[in-house]
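Engineer: Residue numbering for the sequence shown follows the numbering used here, beginning at 317 and increasing consecutively.
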Amino acid sequence: MAKVLIVDDAKFMRMTLSNILKKANHEVVGEAENGQQAVEMYKSLKPDIVTLDITMPVMSGLEAVKAIKKEDPHAKIIMCSAMGQHKMVVEAIEAGATDFIVKPFDESRVIEAIQRVLL
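#1: Of all the beta strand (DSSP E) runs that stay within the bounds of the stretch 330-363, which reach a length of 3 or more residues?
#2: For E343, tell me which candidate among C396, M399 and D364 has the shortest Cα-Cα distance.
#3: Drop a sphere of 10 angstroms on the beta-carbon of E410, count the other beta-carbons inside from all chains shown, and report buried for 16 or more, exposed for fewer.
#4: Mapping DSSP to helix, strand and coil, what is M404?
#5: What does V366 pair with, by DSSP beta-bridge criteria?
#6: Which residues share a DSSP beta bridge with V418?
#7: Just to check my reading of the structure: V355 and L368 have Cβ atoms closer than 8 angstroms, yes? What is that Cβ distance to the nearest angstrom?
#8: Indicate the three-state DSSP secondary structure (helix, strand or coil) for G377 in the structure shown.
#9: If you drop the 5 nearest sequence neighbours on each side, which residues of the same chain put their C-beta closer than 8 angstroms to that of V345?
#10: Mind checking whether V433 and K392 have CB atoms under 7 angstroms apart?
Here it is as structure tokens:
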């Protein structure tokens, strides 16, 4: 079981991901709606995994990956992107993200990514 911080500016997306993770017996320790909140919550919650949307207000997922990795080089981050954001996903992986999942979320793909990152 992993402790997960879900970060997405869309409440519906956070809810969807939260339901998938809880069903797979993971614990959702927090939810943030922008990169700034994600960085602050990462410091206080110390989750095992962060799912991070790429496009968000205040601070983007890309900026948040860099900030979290600076704080904790071993952070496990899974980027969430809509179709067609390939270039940004590549940038996020280069910045230190561990994996990525595409929206709309496919339940089995989400669980696979979590399991892969936990290895």
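Glycine included, C-beta positions come from ideal geometry on N, C-alpha and C.
Structural biologist: Considering the structure as presented:
#1: Note on the stretch 330-363: whole beta strand (DSSP E) runs with a minimum of 3 residues are 343-348, in chain order.
#2: For the purposes of this step, residue 343 is taken as residue 27 along the sequence shown, with counting starting at 1. Looking at the Cα atoms, D364 is the closest of the given residues.
#3: Within the sequence shown, residue 410 is the residue found at index 94, counting from 1. With fewer than 16 Cβ atoms within 10 Å of its Cβ, E410 is classed as exposed.
#4: By 1-based counting over the sequence shown, the position of residue 404 is 88. Secondary structure at M404: helix, using DSSP grouped into helix, strand and coil.
#5: Numbered from its first residue, the sequence shown carries residue 366 at position 50. Looking at the DSSP assignment, V366 forms a beta bridge with L321 and I393.
#6: To locate residue 418, count along the sequence shown from 1; it is residue 102. Looking at the DSSP output, V418 bridges to S397.
#7: Walking along the sequence shown from the start, residue 355 turns up at place 39. Walking along the sequence shown from the start, residue 368 turns up at place 52. Going by Cβ atoms, the distance from V355 to L368 rounds to 10 angstroms, so no, they are not a contact pair.
#8: Start at 1 with the first residue of the sequence shown, and residue 377 comes out as number 61. Residue state, collapsed to three classes: helix.
#9: Mapped onto the sequence shown, residue 345 falls at position 29. So the list reads K319, V320, L321, L361 and P363, once near-sequence residues are dropped.
#10: Working through the sequence shown from its first residue, we reach residue 433 at position 117. Working through the sequence shown from its first residue, we reach residue 392 at position 76. Contact flag set, yes.
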